[in-house]
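Scroll down for the structure; my scribbles are underneath it.
Residue numbers (my numbering): 1343 to 1535.
Here you go:
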């Protein structure tokens, strides 16, 4: 797993835990499995709100569901928590994450706000400073000194967002990538990202 993937996974994990109700849900689930309805009742929340919280916890693997009759029983996955802690927070891992090129607190906040757990861009910020942080994030997918065809560039950019033309054009316009006439070859500019 690359350092960027580790950071993305770590951000998604802590983002899922960064809510009082989700922590309360985990607290209840450590005692026994619950249905959505019983969790909602215990927390004084609506069923749809509780489902939303369970969905976020499920995405990072902390909660699992199994069908039982007409209901789903949700359970806490303690082994996932232990595994994630060992994998992401081991002594050698944290220094690597903190050393990541260009990953200051501002950029981490931008990535947390504008990307999903898989690292895909969910929205483009209007503020140029934030948009540039996203471009620095995207350009890291390209190796310095390697020439890419437009098709290769589009394949790589499609991992980040479906609007590959916008990303490609802005990577060139903002000087993160060079382009040889009319869409010939593309390359990462060394000073970028």
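Beta carbons: idealized from backbone N, C-alpha and C, even for Gly. If you're wondering where the values come from, they're calculated on a predicted model, not measured in any experiment.
Could you check the C-alpha separation between residue i and residue j for me, to the nearest Å?
i	j	result
residue 1455	residue 1354	11 Å
residue 1526	residue 1501	21 Å
residue 1443	residue 1482	Per-residue confidence for residue 1443 stands at a pLDDT of 48, beneath the threshold of 50, marking its modelled position as unreliable; no derived number is given.
residue 1471	residue 1453	12 Å
residue 1381	residue 1428	29 Å
residue 1385	residue 1351	28 Å
residue 1370	residue 1393	15 Å
residue 1503	residue 1516	18 Å
residue 1405	residue 1499	32 Å
residue 1469	residue 1480	17 Å
residue 1521	residue 1464	26 Å
residue 1368	residue 1412	23 Å
residue 1417	residue 1474	41 Å
residue 1389	residue 1349	32 Å
residue 1419	residue 1391	21 Å
residue 1373	residue 1364	15 Å
residue 1338	residue 1366	Since the first and last residues shown for the chain are 1343 and 1535, residue 1338 lies out of range.
residue 1347	residue 1514	25 Å
residue 1410	residue 1383	19 Å
residue 1534	residue 1486	Any reading at residue 1534 must be qualified, since the residue scores a pLDDT of 44, below 50, and its modelled position is unreliable; no value is offered.
residue 1447	residue 1362	23 Å
residue 1523	residue 1356	44 Å
Select from the options the residue whose C-alpha is nearest the C-alpha of residue i.
i	options	result
residue 1505	1363, 1528, 1394 and 1462	1462
residue 1424	1403, 1492, 1491 and 1367	1403
residue 1530	1497, 1523, 1498 and 1488	1488
residue 1330	1478, 1468, 1459 and 1458	This structure cannot speak to residue 1330, because the chain is shown only from 1343 to 1535.
Per DSSP, residue i forms a beta bridge with which residues?
i	result
residue 1489	1529
residue 1520	1529
residue 1418	1405
residue 1457	1463
residue 1410	1413
residue 1473	In the DSSP output, where bridge partners are listed per residue, residue 1473 has none listed.
residue 1376	1416
Just to confirm before moving on: does the CB-CB distance between residue i and residue j stay below 8 Å?
i	j	result
residue 1415	residue 1408	yes
residue 1466	residue 1519	no
residue 1396	residue 1378	yes
residue 1401	residue 1360	no
(message) Below 8 Å, how does it come out for the segment 1506 to 1520 and the segment 1481 to 1497: are there three or more Cβ pairs, yes or no?
(response) yes
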